[in-house]
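Worksheet: one structure, shown below.
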Amino acid sequence: MSTVTTASASREHRITLRSLANRKRKAIPFSVLTAYDFTFARIFDEAGIDVLLVGDSLGNVVQGHDTTLPVTLDDVVYHTRLVVRGVRRAMVVADMPFGSYQVGPEDAVRSAIRLVKEGGAQAVKLEGGAIVADTIRRIVAAQIPVMGHVGLTPQSIHPMGGYRVQGRGEEGRAQVREDALAVEAAGAFAVVLEGIPQDLGREITERLAIPTIGIGAGVHCDAQVLVMHDLLGLNDTTPTFVKQYASLGAEASKAARAYVDEVVNRKFPAEAHVYR
Ligand code: KIV
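In the working numbering, the protein residues as written are 608 to 883.
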């Protein structure tokens, strides 16, 4: 297996649907990471992340909810605007939150238009397989690219009975496979595969012409996605599928403790930090 450096992977200009399709064709994986604000969007864009997802995971990691269900369309529009301002190269995809596309395709198109027109996203993502195929078709017909999301779909926490690995057993495998195929047939340009066995991730990746983006779906997917707080070590828990690349939570805590200590002991501000 040849190694592609970040520098060579990020040499191209603005990431488009075409660049992602080319990456699948050339079997060069691409990177997807969530972002919710200007500062991190700028850092990740400059680091060569290919796609920034304004995920409804913001409900958990930014808003402090237990699920993604309370996130509103206004919330995602707002955070998408912040992210778009920090980006020059990456594609920005905005997640469609629970309630913004389930009522019917017309409502879904209206929501997707807001994410593009007011938020500035280049594409939207929504959860579900065969059941949302018509909705995907309608949004794509409105000239808005759609990323699908099948397998473990966090907005379905209640019917799923918790966040459980999907696609186990013949029936489970067939369900996820059919959902991925339905999303592709409906016109999605890529599909997130979440929380499924690695060999199923491989099978679906080989069957689909569009790129698969794995999160807890193994190494054979065409791309990988992580929540930024997991990657940076800003969360208390680390699920099996996460690799923590930094410990920013511990670093931030250390910095805040040092600041408290220096303020209490009048060590800050020092001579270098005062005006004369
Ligand atoms: O909301 C989100 O961040 C997501 C990714 C984890 C795929 O849907």
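From the three backbone atoms N, C-alpha and C, an ideal C-beta is built for every residue, glycine too.
| Item | Value |
| --- | --- |
| Between the alpha carbons of Arg744 and Gln709, how many angstroms are there, rounded? | 14 Å |
| Of all the alpha helix (DSSP H) runs that stay within the bounds of the segment 787 to 864, which reach a length of 4 or more residues? | 805 to 814 and 835 to 839 |
| Please find out if some non-hydrogen atom of ligand 1 comes closer than 7 Å to the beta-carbon of Asp663. | yes |
| From Val772 to Pro804, what does the alpha carbon distance come to, in whole angstroms? | 8 Å |
| Between Pro704 and Asp741, is the Cβ-Cβ spacing less than 8 Å? | no |
| Which whole-angstrom value is the C-beta distance of Val790 and Gly823, which I expect to be below 8 Å? | Val790 to Gly823, Cβ: 18 Å. No contact. |
| What does the alpha-carbon distance come out to for the pair Leu659 and Tyr882? | 40 Å |
| In this structure, does DSSP put Ser638 in helix, strand or coil? | strand |
| Just verifying my parser: in three-state terms, what is the DSSP assignment at Asp702? | strand |
| Does DSSP classify Gly758 as helix, strand or coil? | strand |
| If you measure from the CB of Asp702, is any heavy atom of ligand 1 nearer than 7 Å? | yes |
| Let's test the definition: count the other Cβ atoms within 10 Å of the Cβ of Ser860 and tell me whether it reaches 16, buried, or not, exposed. | exposed |
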